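Peer 1:
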Ligand SMILES: [Ca+2]
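Protein chains in written order, with the numbering used here: chain A, 79 to 274; chain B, 79 to 274.
Below, the structure is given as structure tokens:
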């Protein structure tokens with residue numbers, strides 16, 4: 079397991095279109111997204127991107143939005159990480175311009191769930207409770223549940239919350255933070271027909 | 079966010095068939111699996127099961143294997159949790175018989191990635207390195223990568239490793255453990271055509 083230094087943010091994710099022609103949906107979303115701000119590598123299970131925090135969140139949102147706009151039922155699972163000990167120095171793209179490159183403001187309802195794992199922090203449960211309160215203040219909180227919290231609303235408000243909470247949940251003293259996110263879009267389940 | 083007491087193991091997961099008729103694949107896998115050992119709840123993004131450790135792993139493996147046997151490209155994302163402070167006592171199914179109920183031994187190649195998050199444990203990186211070494215000893219290690227480790231092989235050997243490592247990576251002193259797993263089956267990417 080290789081991780082990142084404190085300034086590098088990484089996200090390992092997989093995009094799952096529930097469609098027979100899933101490959102064009104994935105490739106189309108990646109091709110439509112401006113990835114110049116991040117390092118990227120894809121293997122047979124997932125894709126990882128690394129770079130400045132705002133680029134990582136901007137790119138993940140853009141990929142998700144492009145996939146959503148196909149109208150297919152798509153799910154994205156992502157793990158955001160920062161500050162892991164035992165880094166590799168490369169693959170960082172930390173010297174690029176800070177301005178983000180993807181600006182599509184199309185509205186899109188998303189339903190998601192997230193969990194925060196502040197590592198090696200005896201006070202980690204308070205961090206989690208505080209960030210769940212933040213979701214309520216931001217108007218994107220959906221529901222409490224075992225092992226996660228539900229976050230929903232317009233994709234831009236939801237990602238604004240995730241980027242903010244990922245920044246607020248770590249500190250110089252507690253740099254290693256992991257946040258998992260599962261998101262579902264265009265799902266028949268959002269109308270009540272629940273499934274796994 | 080609600081969590082579990084030390085003896086309860088939970089798994090929140092989502093099953094993603096990359097197929098236009100994804101609902102029958104999901105419902106079929108759930109119906110073909112004997113779920114009597116676990117409590118289960120489904121919402122619009124994921125499903126959570128809770129119960130004794132061996133039942134939780136047995137059920138997740140059975141659901142995955144049933145979905146795989148359709149021949150569709152399926153992905154499963156799962157977060158296993160134990161020992162979270164601030165529990166709810168219900169939904170536990172801890173009083174059931176210890177013997178597992180699903181016994182399909184069909185061989186199936188799976189490729190997956192996992193990460194361990196031992197919470198509030200200053201020595202957590204050693205736990206992670208030790209468990210990656212265990213994967214190598216068990217013959218299921220695939221690759222090192224940012225933020226995760228690749229685990230592959232026959233589904234039964236892979237799940238044996240995951241159940242073993244989830245048990246070994248927590249202790250009475252450090253009860254709160256989270257393990258994320260992303261698994262891909264019947265993927266064209268396993269033949270080299272990588273995608274997100
Ligand atoms: Ca910790």
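Even glycine gets a Cβ: it sits at the ideal position worked out from N, Cα and C.
The structure displayed is predicted, hence computed values, not measured ones.
Less than 8 Å separating the beta-carbons of residue 158 of chain A and residue 124 of chain A?
Peer 2: The residue you call residue 158 of chain A lines up with position 80 of the first chain. The residue you call residue 124 of chain A lines up with position 46 of the first chain. No, the Cβ-Cβ distance between residue 158 of chain A and residue 124 of chain A is not below 8 Å.
Peer 1: Output the boundary residues of the beta strand (DSSP E) element that contains residue 195 of chain A.
Peer 2: In the first chain, residue 195 of chain A corresponds to position 117, counting from 1. Counting along the chain, the beta strand (DSSP E) containing residue 195 of chain A begins and ends at 187-196.
Peer 1: According to the neighbour-count rule (16 or more other Cβ atoms, all chains shown, within 10 Å of its Cβ), is residue 97 of chain B buried or exposed?
Peer 2: As a first step, residue 97 of chain B must be located in the second chain, where it is residue number 19. Counting Cβ neighbours within 10 Å, residue 97 of chain B comes out buried, since at least 16 surround it.
Peer 1: Does residue 198 of chain B get closer than 8 Å to chain A when you measure Cβ to Cβ?
Peer 2: Mapped onto the second chain, residue 198 of chain B falls at position 120. Yes, residue 198 of chain B lies at the interface with chain A (some Cβ there is under 8 Å from its Cβ).
Peer 1: Short of 6 Å in beta carbon distance, which residues of its chain neighbour residue 104 of chain A, apart from the five on each side in sequence? Order them along the chain.
Peer 2: What you label residue 104 of chain A is simply residue 26 of the first chain in a count that begins at 1. Excluding sequence neighbours, residue 104 of chain A sits near 93.
Peer 1: Are the CB atoms of residue 174 of chain B and residue 245 of chain B within a distance shorter than 8 Å?
Peer 2: On the second chain, residue 245 of chain B is found 167 positions in, with the first residue counted as 1. On the second chain, residue 174 of chain B is found 96 positions in, with the first residue counted as 1. No; because the gap between Cβ atoms is not below 8 Å, this pair is not in contact.
Peer 1: I want to see whether chain B comes within less than 8 Å of residue 259 of chain A, judged by CB atoms only; does it?
Peer 2: For the purposes of this step, residue 259 of chain A is identified with residue 181 of the first chain, where counting begins at 1. Under the Cβ distance rule, residue 259 of chain A does not count among the residues neighbouring chain B, no pair being separated by less than 8 Å.
Peer 1: Determine whether the beta carbon atoms of residue 88 of chain A and residue 126 of chain A lie at a separation below 8 Å.
Peer 2: Indexing the first chain from 1 puts residue 88 of chain A at position 10. Indexing the first chain from 1 puts residue 126 of chain A at position 48. Yes, Cβ-Cβ distance for residue 88 of chain A and residue 126 of chain A is below 8 Å.
Peer 1: Cα separation between residue 206 of chain B and residue 261 of chain A?
Peer 2: Taking the first residue of the second chain as position 1, residue 206 of chain B is located at position 128. Taking the first residue of the first chain as position 1, residue 261 of chain A is located at position 183. C-alpha separation (whole angstroms): 27 Å.
Peer 1: By DSSP's criteria, residue 118 of chain A is part of a beta bridge. Which residues make up the other side?
Peer 2: For the purposes of this step, residue 118 of chain A is taken as the residue at position 40 of the first chain. Paired residues: A/127.
Peer 1: Is it the case that the Cβ atoms of residue 180 of chain A and residue 252 of chain A are separated by a distance below 8 Å?
Peer 2: One-based indexing of the first chain puts residue 180 of chain A at position 102. One-based indexing of the first chain puts residue 252 of chain A at position 174. No, the Cβ-Cβ distance between residue 180 of chain A and residue 252 of chain A is not below 8 Å.
Peer 1: Nearest to residue 134 of chain A by alpha carbon, out of A/156, A/144, A/145, A/225?
Peer 2: Numbered from its first residue, the first chain carries residue 134 of chain A at position 56. Sorting A/156, A/144, A/145, A/225 by C-alpha distance to the C-alpha of residue 134 of chain A places A/156 at the top.
Peer 1: For residue 218 of chain A, does the three-state DSSP call read helix, strand or coil?
Peer 2: For the purposes of this step, residue 218 of chain A is taken as the residue at position 140 of the first chain. Here residue 218 of chain A sits in coil by DSSP.
Peer 1: What span of residues does the beta strand (DSSP E) with residue 95 of chain B cover, start to end?
Peer 2: For the purposes of this step, residue 95 of chain B is taken as residue 17 along the second chain, with counting starting at 1. Note, residue 95 of chain B: beta strand (DSSP E), 87-95.
Peer 1: Along chain A, in chain order, which residues have C-beta atoms closer than 7 Å to that of residue 187 of chain B?
Peer 2: Locating residue 187 of chain B in the second chain gives position 109, counting from the first residue. None at all; the shortest Cβ gap to chain A is about 11 Å.
Peer 1: Rounded to whole angstroms, what's the CA-CA distance from residue 136 of chain A to residue 190 of chain A? Just pull it up for me.
Peer 2: Mapped onto the first chain, residue 136 of chain A falls at position 58. Mapped onto the first chain, residue 190 of chain A falls at position 112. Residue 136 of chain A and residue 190 of chain A: Cα-Cα distance of roughly 17 Å.
Peer 1: Tell me which same chain residues have a C-beta within less than 6 Å of the C-beta of residue 254 of chain B, skipping the five on either side of it?
Peer 2: Taking the first residue of the second chain as 1, we reach residue 254 of chain B at position 176. Same-chain partners within the cutoff: 161, 162, 197.
Peer 1: Give the range of the alpha helix (DSSP H) segment to which residue 234 of chain B is assigned.
Peer 2: Counting from 1 along the second chain, the entry for residue 234 of chain B is found at position 156. Looking at the DSSP string, the run of the alpha helix (DSSP H) that includes residue 234 of chain B is 233-246.
Peer 1: Less than 8 Å separating the beta-carbons of residue 151 of chain A and residue 110 of chain A?
Peer 2: If you number the first chain from 1, residue 151 of chain A lands on position 73. If you number the first chain from 1, residue 110 of chain A lands on position 32. Contact: no.
Peer 1: Out of B/258, B/238, B/234, which one is the CA nearest neighbour of residue 182 of chain B?
Peer 2: Against the second chain, residue 182 of chain B aligns to sequence position 104. Per the Cα distances, B/234.
Peer 1: Could you give the distance in angstroms between the alpha-carbon of residue 227 of chain A and the alpha-carbon of residue 249 of chain B?
Peer 2: By 1-based counting over the first chain, the position of residue 227 of chain A is 149. By 1-based counting over the second chain, the position of residue 249 of chain B is 171. Whole-angstrom Cα-Cα distance: 26 Å.
Peer 1: In this structure, what does DSSP give as the bridge partners for residue 155 of chain B?
Peer 2: In the second chain, the residue the question calls residue 155 of chain B occupies position 77. DSSP output for residue 155 of chain B lists B/92, B/260 as bridge partner(s).
Peer 1: Just checking: is the beta-carbon of residue 122 of chain A within a distance shorter than 8 Å of some beta-carbon in chain B?
Peer 2: What you label residue 122 of chain A is simply residue 44 of the first chain in a count that begins at 1. Yes, contact with chain B.
Peer 1: Tell me which same chain residues have a C-beta within less than 8 Å of the C-beta of residue 268 of chain B, skipping the five on either side of it?
Peer 2: Locating residue 268 of chain B in the second chain gives position 190, where the first residue counts as 1. Counting only Cβ-Cβ distances below 8 Å, and skipping sequence neighbours, we find 187, 189, 262.
Peer 1: Helix, strand or coil: which one does DSSP assign to residue 228 of chain A?
Peer 2: Your numbering for residue 228 of chain A matches position 150 in the first chain. It is a strand residue.
Peer 1: Measuring alpha carbon to alpha carbon, tell me which residue in B/154, B/132, B/114, B/116 is nearest residue 264 of chain B.
Peer 2: Start at 1 with the first residue of the second chain, and residue 264 of chain B comes out as number 186. If we check each option's Cα against that of residue 264 of chain B, B/154 comes out closest.
Peer 1: Following the continuous alpha helix (DSSP H) through residue 200 of chain B, name the residue where it begins and the one where it ends.
Peer 2: As a working note, residue 200 of chain B is residue 122 in the second chain. Bounds of any alpha helix (DSSP H) do not take in residue 200 of chain B, whose DSSP letter is neither H nor E.
Peer 1: Opposite residue 223 of chain B in the DSSP bridges: which residues?
Peer 2: Against the second chain, residue 223 of chain B aligns to sequence position 145. Answer is B/226.
Peer 1: Could you name the residues of the same chain whose beta carbon sits closer than 6 Å to that of residue 210 of chain A, not counting the 5 residues immediately before and after it, in chain order?
Peer 2: The residue you call residue 210 of chain A lines up with position 132 of the first chain. Here the set comprises 227.
Peer 1: Express the C-alpha separation of residue 243 of chain A and residue 86 of chain B in angstroms, rounding to a whole number.
Peer 2: Here residue 86 of chain B refers to the residue found at position 8 when the second chain is read from its first residue. Here residue 243 of chain A refers to the residue found at position 165 when the first chain is read from its first residue. Going by the C-alpha atoms only, they are around 28 Å apart.
Peer 1: Would you say residue 100 of chain A reaches chain B, if we count a Cβ-Cβ gap shorter than 8 Å as a contact?
Peer 2: Taking the first residue of the first chain as 1, we reach residue 100 of chain A at position 22. Judged by the 8 Å Cβ criterion, residue 100 of chain A is in contact with chain B.
Peer 1: Establish whether the CB of residue 172 of chain A and some CB of chain B are separated by less than 8 Å.
Peer 2: The sequence position of residue 172 of chain A within the first chain is 94, counting from 1. It does not; no Cβ of chain B falls within 8 Å.
Peer 1: Starting from residue 106 of chain B, trace the alpha helix (DSSP H) both ways and give me its first and last residue.
Peer 2: Indexing the second chain from 1 puts residue 106 of chain B at position 28. Start and end: 100-110.
Peer 1: From residue 257 of chain A to residue 172 of chain A, what distance separates their C-alpha atoms?
Peer 2: In the first chain, residue 257 of chain A corresponds to position 179, counting from 1. In the first chain, residue 172 of chain A corresponds to position 94, counting from 1. So the alpha carbons of these two residues sit roughly 21 Å apart.
Peer 1: Closer than 8 Å by beta-carbon distance: list the chain B residues that pair up with residue 268 of chain A, in chain order.
Peer 2: Numbered from 1 along the first chain, position 190 holds the residue referred to as residue 268 of chain A. Within 8 Å Cβ-Cβ: 122.
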